[in-house]
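Q: My questions will all concern the structure given below.
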Amino acid sequence: VVGNGDVTSAEAAKHMIEDTGCAGVSIGRGAFYNPWIFKHTQHYITTGELLPEPTFDERIRVLRRHYDLMVEVFGEDRGSVMFRKVAPWYAKRFGPAKPFNKAIVQISTRDEFESVLANYLDWRIRFTDDQGELLPQFELEPLVASFMNEPETAVEKRKAIPVPKGPVEVW
44 VVGNGDVTSA
54 EAAKHMIEDT
64 GCAGVSIGRG
74 AFYNPWIFKH
84 TQHYITTGEL
94 LPEPTFDERI
104 RVLRRHYDLM
114 VEVFGEDRGS
124 VMFRKVAPWY
134 AKRFGPAKPF
144 NKAIVQISTR
154 DEFESVLANY
164 LDWRIRFTDD
174 QGELLPQFEL
184 EPLVASFMNE
194 PETAVEKRKA
204 IPVPKGPVEV
214 W
């Protein structure tokens with residue numbers, strides 16, 4: 044049996060395996076904004092040691108490489124258009140990224156890609172310290188799968204209409 048759903052980190056993958064007894068996990072959307080998840084999961088399961096989350100610079104390096112590969116495979120026009128769907132996933136772990144997300148989904152050329160990225164990097168500086176790290180008020184929350192939350196915490200954070208528990212007669 045393969046476990047599936049909300050596996051966004053190495054901890055979530057290991058938790059799912061241990062909690063459900065499944066033979067493996069299927070990782071979907073979690074890989075879009077965390078392409079390192081496979082390497083990190085393998086390392087965590089085999090050593091018990093969590094690797095640090097990639098730095099912002101590493102995320103940008105991989106974003107650029109991903110764009111380059113899409114252009115190489117599909118050509119500049121088609122690759123740029125296809126990358127519009129991919130880039131916002133990377134931005135989920137950039138910190139403040141609204142201007143990037145608005146602009147990147149309109150690129151059609153490499154020059155536009157580089158321009159959007161350069162503008163974003165300039166804009167992002169206001170949210171960072173002298174070392175380029177996000178200021179405390181803009182730091183990202185750790186990736187935690189919803190199934191790893193304590194039941195009370197999950198209910199408190201739920202935005203949907205609460206569903207009564209127990210037999211219908213008790214509602």
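Residue numbers for the sequence shown follow the working numbering, so the first one is 44 and each next one is one higher.
Glycine included, C-beta positions come from ideal geometry on N, C-alpha and C.
Every value quoted in this text rests on a predicted model; they were computed, and no experiment measured them.
1. Assign residue 167 to one of two classes, buried (16 or more other C-beta atoms within 10 Å of its C-beta) or exposed (fewer than that).
2. I'd like to check one pair, residue 53 with residue 297: are the Cβ atoms closer than 8 angstroms?
3. What is the DSSP secondary structure of residue 69, counted as helix, strand or coil?
4. Could you pull the DSSP bridge partners for residue 47 from this structure?
5. The alpha helix (DSSP H) spanning residue 103 covers which residue range?
6. Considering only residues of the region 143–199, which uninterrupted alpha helix (DSSP H) runs meet the minimum length of 4 residues and lie entirely inside it, listed in chain order?
7. Can you tell me the Cα-Cα spacing of residue 84 and residue 96, whole angstroms?
8. Once DSSP output is grouped into helix, strand and coil, what is the label at residue 58?
9. Express the C-alpha separation of residue 64 and residue 139 in angstroms, rounding to a whole number.
10. Tell me the DSSP secondary structure of residue 131 in three-state form.
A: Answer, in terms of the structure:
1. So residue 167 counts as buried.
2. Outside the displayed range of the chain (44 to 214) lies residue 297, so it cannot be described from this structure.
3. Here residue 69 sits in strand by DSSP.
4. In the DSSP secondary-structure assignment, residue 47 is bridged to 69.
5. Counting along the chain, the alpha helix (DSSP H) containing residue 103 begins and ends at 99–117.
6. The region 143–199 contains these whole alpha helix (DSSP H) runs: 153–167.
7. Rounded to whole angstroms, residue 84 to residue 96 spans 12 angstroms at the Cα level.
8. Assigned with DSSP and collapsed to three states, residue 58 falls in helix.
9. Taking the straight line joining both Cα atoms gives about 38 angstroms.
10. DSSP, read as helix, strand or coil, puts residue 131 in helix.
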